[in-house]
Amino acid sequence: MKVLLVDDETDLVEIMEFLIQTTFNAEVVVEKANSGNEAIKLLSQDKIDLCICDHNMPNGMGSDVLKYIIEKNLQTKFVLCSTVVPKEKPQEYPAAHVYFNIQKPDVGGGLAKLKSKLDSEVKVSAVDSEVYIPISLYVLELMGRAPADIYLRVSENHYVKVLKGDEVFTADDKMKYSRKPLEMLFLKRGEQQELIDRQIALALQKIMEKKDLPLSDKLSIAHAQLVELIKFTGINPEVAELSKKNIQQSVNFISKAPLIADFWRGLSLIGEYPSKLYTLHSMLTSVVVRKIVWNSEATQFKLSLSAFLQDISLDSISLMELCDYQEFLANEDRFSRAEIRRFNEHPQKSVELLSHFKDIPADIDRILIEQHEMPNGEGFPKKLNALQIGALSGVFILTGILARHVLRDGSSFELKDFIKKMEGKGYSKGNFQEAFEIIKAMK
Ligand SMILES: [Fe+2]
Numbered sequence: 279m280k281v282l283l284v285d286d287e288t289d290l291v292e293i294m295e296f297l298i299q300t301t302f303n304a305e306v307v308v309e310k311a312n313s314g315n316e317a318i319k320l321l322s323q324d325k326i327d328l329c330i331c332d333h334n335m336p337n338g339m340g341s342d343v344l345k346y347i348i349e350k351n352l353q354t355k356f357v358l359c360s361t362v363v364p365k366e367k368p369q370e371y372p373a374a375h376v377y378f379n380i381q382k383p384d385v386g387g388g389l390a391k392l393k394s395k396l397d398s399e400v401k402v403s404a405v406d407s408e409v410y411i412p413i414s415l416y417v418l419e420l421m422g423r424a425p426a427d428i429y430l431r432v433s434e435n436h437y438v439k440v441l442k443g444d445e446v447f448t449a450d451d452k453m454k455y456s457r458k459p460l461e462m463l464f465l466k467r468g469e470q471q472e473l474i475d476r477q478i479a480l481a482l483q484k485i486m487e488k489k490d491l492p493l494s495d496k497l498s499i500a501h502a503q504l505v506e507l508i509k510f511t512g513i514n515p516e517v518a519e520l521s522k523k524n525i526q527q528s529v530n531f532i533s534k535a536p537l538i539a540d541f542w543r544g545l546s547l548i549g550e551y552p553s554k555l556y557t558l559h560s561m562l563t564s565v566v567v568r569k570i571v572w573n574s575e576a577t578q579f580k581l582s583l584s585a586f587l588q589d590i591s592l593d594s595i596s597l598m599e600l601c602d603y604q605e606f607l608a609n610e611d612r613f614s615r616a617e618i619r620r621f622n623e624h625p626q627k628s629v630e631l632l633s634h635f636k637d638i639p640a641d642i643d644r645i646l647i648e649q650h651e652m653p654n655g656e657g658f659p660k661k662l663n664a665l666q667i668g669a670l671s672g673v674f675i676l677t678g679i680l681a682r683h684v685l686r687d688g689s690s691f692e693l694k695d696f697i698k699k700m701e702g703k704g705y706s707k708g709n710f711q712e713a714f715e716i717i718k719a720m721k
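Start counting the sequence shown at 279; every next residue gets the next number (the working numbering).
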């Protein structure tokens, strides 16, 4: 199968090539292009089975590539790999001609889904599972560590292990190997898959952070990568430390971002629901906290880490979307027994996960356990009222409900309707009051 990768971000193309070679269970030949026009040239010269293409590129857009494929009646399957979704641009990306969509930033997950779609539809020639896959020095350098044991090919059928999985790949290593012929470093297919996945997640994060992205996109991308990592490895001290560092860094960024006036303008939300929610919720807590006297980065860190952990044990988006406990009770019959149990346990589960984090400020456990309390004392699990919940919990709960409303309503969101609804439910009183007044004054 011949695959054409098209993206102006060359590092991303390198990583995607590596991902395809390690995960696609077929003889794959990869060609690469850094612009739409370059891709069109390759399509005109060669029979390409699959074209994985970015949308926004300086010299020829993704839509130009698809237009060429349609006009020339090529059999090439077109996959859009972008933050743009085809259904947002039906003129440029007619559904009948788009084989699949990979939504950035989750390139790793998207490629895995694409692979299973291809496996179910296309007859692919399987290869020996014991095969050695070449890894370029460039990809190793991007990763900074060996994603698995690395072998040096010394003769046709003879390989020697030169680096252990997870070992640091130094500049000296690069120097040493760059003097040798190309394609002499390999890893074994199917070996240490978890480690490979983890290193890839980190490398993708690095690449994405390099791009000149709006703050909200950076936060969403980092969140998506961390959640992917947690899914692979579970929370352990290493992952907790990485998450903590990333949230600390995000808070540094957020605290320097402009306040309310520019807030909505700079906001683009990409990725899957939990990442969007985390990003918007964190940014909204910052807007509120910076207006309140006890503003500090430590406070923002508490709220951002809480936003990160609040629903991490839930795997159903419809549970994450619920604004408060009342809404959960009203919709309970929509959920399975397992989902109901998970929802009832999730504040406590978040607190348990928090115990893996070292050297963190106090109060976060309180925010997490109180995340679904309500002003009238009808929330859960403690049935606290507006005066009994913590001051930070008040900010966290109200900004969380606001973020969920904004994501649910999109462009039809009206602040004045939201304020009226919240006031009616008592969210303007007690420890909700301060945050309520600030949100009410938002433009
Ligand atoms: Fe929750």
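Cβ atoms here follow ideal geometry from the backbone N, Cα and C, with glycine treated the same way.
Asked, Found
"With H, G and I counted as helix, E and B as strand and the rest as coil, what does DSSP make of ARG423?", "strand"
"Using 7 Å as the cut-off, classify the Cβ of HIS650 as near or not near the heavy atoms of ligand 1, replying yes or no.", "yes"
"Measuring from the CB of HIS624, is there a heavy atom of ligand 1 at a distance below 7 Å?", "yes"
"Less than 7 Å separating the Cβ of ASP593 from some heavy atom of ligand 1?", "no"
"Cα separation between LEU558 and VAL529?", "13 Å"
"When the Cβ atoms of the stretch 429-443 are set against those of the stretch 386-399, are three or more pairs found closer than 8 Å?", "no"
"Please report how far the alpha carbon of GLU366 lies from the alpha carbon of PHE710, in whole angstroms.", "38 Å"
"Can you give me the Cβ contacts of ILE716 inside the same chain, cut-off strictly under 8 Å, excluding the 5 residues immediately before and after it?", "VAL565, VAL566, LYS569, ILE570"
"For ILE638, which residues in the same chain have their Cβ closer than 6 Å to its Cβ, ignoring the five residues on either side in sequence?", "none"
"Can you tell which of VAL307, PHE613, HIS501 has its C-alpha closest to the C-alpha of LYS522?", "HIS501"
"Near ILE474, which residues of its chain fall below 6 Å by C-beta distance, leaving aside the five closest residues on each side in sequence?", "PRO425, ALA426"
"Cβ of ASP589 within 7 Å of any heavy atom in ligand 1?", "yes"
"Decide if the stretch 653-670 is in contact with the stretch 627-635; the criterion is three or more beta carbon pairs, one per stretch, under 8 Å apart.", "no"
"For ILE326 and GLU599, what's the separation of their Cα atoms in angstroms?", "41 Å"
"So for ASN379, helix, strand or coil by DSSP?", "strand"
"Does the Cβ of PRO364 have 16 or more other Cβ atoms within 10 Å, making it buried, or fewer, making it exposed?", "buried"
"Rounded C-beta distance between ILE318 and ASP285? I'm assuming under 8 Å.", "ILE318 to ASP285, Cβ: 15 Å. No contact."
"Taking its Cβ as the centre, do 16 or more other Cβ atoms sit within 10 Å of VAL307, making it buried, or is it exposed?", "exposed"
"Mapping DSSP to helix, strand and coil, what is PRO372?", "coil"
"Check whether the stretch 697-705 touches the stretch 605-617, counting contact only when three or more Cβ pairs, one atom from each stretch, lie closer than 8 Å.", "no"
"Within 10 Å of its beta-carbon, does VAL385 have 16 or more other beta-carbons around it, so buried, or fewer, so exposed?", "buried"
"Any heavy atom of ligand 2 closer than 7 Å to the CB of GLN526?", "Of the ligands one can find in the structure shown, namely ligand 1, none is ligand 2."
"Is DSSP giving ILE499 helix, strand or coil here?", "helix"
"For the putative contact between PHE674 and HIS683, defined by C-beta atoms under 8 Å, what is the C-beta separation to the nearest angstrom?", "In fact, because the Cβ distance is near 15 Å, the residues do not count as touching under 8 Å."
"Below 8 Å, how does it come out for the stretch 330-347 and the stretch 374-390: are there three or more Cβ pairs, yes or no?", "yes"
"Please report how far the alpha carbon of ARG431 lies from the alpha carbon of VAL417, in whole angstroms.", "18 Å"
"Please list the terminal residues of the continuous beta strand (DSSP E) segment that includes PHE464.", "463-466"
"Distance, Cα to Cα, ARG619 vs ASP324?", "55 Å"
"Just list the residues that DSSP pairs GLU309 with in beta bridges.", "LEU282"
"For HIS624 and LEU465, what's the separation of their Cα atoms in angstroms?", "40 Å"
"Figure out for me which residue from ALA681, LYS345, PRO412 has the closest Cα to the Cα of GLN369.", "LYS345"
"Compare the Cα-Cα distances from ASN351 to each of SER322, LEU358, ASN337, ALA373 and report the closest residue.", "SER322"
"Beta-carbon separation of LYS718 and ALA664 under 8 Å?", "no"
"How many Å lie between SER671 and ARG644 at the Cα?", "7 Å"
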